[in-house]
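In the numbering used here, the protein residues as written are 268 to 460.
Everything on this sheet refers to the single structure shown next.
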Amino acid sequence: MIDLGVAAQQVMTLVAGTRDDQLADTTPCPDYTVGELMDHIIGLTLAFRLAALKASLDDGAAPGQSGSAPELPSDWRERLPRQLDALVAAWRDPAAWEGETTAGGVTMPAAEMGVVTLDELVLHGWDLAQATGQPFHCNPVHVEAVLGFTTAVAEAGPEAREGLFGPPVDVPPDAPAFDRALGLAGRDPAWTP
Numbered sequence: 268m269i270d271l272g273v274a275a276q277q278v279m280t281l282v283a284g285t286r287d288d289q290l291a292d293t294t295p296c297p298d299y300t301v302g303e304l305m306d307h308i309i310g311l312t313l314a315f316r317l318a319a320l321k322a323s324l325d326d327g328a329a330p331g332q333s334g335s336a337p338e339l340p341s342d343w344r345e346r347l348p349r350q351l352d353a354l355v356a357a358w359r360d361p362a363a364w365e366g367e368t369t370a371g372g373v374t375m376p377a378a379e380m381g382v383v384t385l386d387e388l389v390l391h392g393w394d395l396a397q398a399t400g401q402p403f404h405c406n407p408v409h410v411e412a413v414l415g416f417t418t419a420v421a422e423a424g425p426e427a428r429e430g431l432f433g434p435p436v437d438v439p440p441d442a443p444a445f446d447r448a449l450g451l452a453g454r455d456p457a458w459t460p
């Protein structure tokens, strides 16, 4: 069981430090502007909280999948911290890590889904930090978990990474562990806006 609190708090800090005039800026994740990334994070916080609860959306909608900044709710600054708190609380229940669960139409062991949740928070937190010029810190436990996940996806082949990560970015094998995880997740650790 991994506590998502530190990663979620990092994202909350980054959200608070993001200016409205940055919402159209690019991010290291080429599919998203800053605003589109915020929309995606809103959706993933809900989807992964429901996965922890072994629940599903009543209306079948998949929030955050549009990646559309115009759809970014006007209350995103208040909504994201609330949803991040709810996400962390849901995954702090040991039952969240047991059995199987589903998010985004993918069913897997709940313990793996918890790591995917962490991966999303960490990688998109880094994306947001880089795009908005804010500092980013990832604790060693989270670095190890994200590197383990990105390595497993890379070893599973191109089909496994489709829709999850872009093509791997070459990073020296002796680079810091987090830089290697970023490269495996299709991100250039040296990316700047």
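Even glycine gets a Cβ: it sits at the ideal position worked out from N, Cα and C.
Please report how far the alpha carbon of Val413 lies from the alpha carbon of Asp288, in whole angstroms.
As a first step, residue 413 must be located in the sequence shown, where it is residue number 146. As a first step, residue 288 must be located in the sequence shown, where it is residue number 21. Rounded to the nearest angstrom, the two C-alpha atoms are 31 Å apart.
Within the segment 332-384, note down every full alpha helix (DSSP H) run reaching 4 residues or more, in order along the chain.
Entirely contained in the segment 332-384, the alpha helix (DSSP H) runs reaching 4 residues are, in chain order, 343-358.
Rounded to a whole number of angstroms, what is the C-alpha to C-alpha distance between Asp298 and Glu387?
The residue labelled residue 298 in the question sits at position 31 within the sequence shown. The residue labelled residue 387 in the question sits at position 120 within the sequence shown. Computed Cα separation, rounded: 15 Å.
Are there 16 or more other CB atoms within 10 angstroms of the CB of Ala275, so buried, or fewer, so exposed?
For this step, residue 275 is matched to residue 8 along the sequence shown. Label assigned to Ala275: buried.
Reduced DSSP secondary structure (H/G/I, E/B, other) of Thr417
Here residue 417 refers to the residue found at position 150 of the sequence shown. The answer is helix: DSSP assigns Thr417 an H, G or I state.
7 Å Cβ shell around Gln332 - same chain, five flanking residues per side excluded:
As a working mapping, residue 332 is identified with position 65 in the sequence shown. The pLDDT assigned to Gln332 is 44, lower than 50, so where the model puts this residue is not dependable; a value taken from the coordinates is nonetheless given after this. Cβ within range, chain order: Gly310.
Kindly indicate which three-state DSSP category Thr294 falls into: helix, strand or coil?
Looking up residue 294 in the sequence shown gives position 27. Of the three classes helix, strand and coil, the one that applies to Thr294 here is coil, per DSSP.
Would you call the CB atoms of Met268 and Pro361 closer than 8 Å?
In the sequence shown, counting from the first residue as 1, residue 268 sits at position 1. In the sequence shown, counting from the first residue as 1, residue 361 sits at position 94. Closer than 8 Å, so yes.
With DSSP run on the structure shown, which of helix, strand or coil describes Thr300?
For this step, residue 300 is matched to residue 33 along the sequence shown. The answer is strand: DSSP assigns Thr300 an E or B state.
With burial defined as no fewer than 16 other Cβ atoms inside 10 Å of the residue's Cβ, what is the status of Glu365: buried or exposed?
By 1-based counting over the sequence shown, the position of residue 365 is 98. Under this definition Glu365 is an exposed residue.
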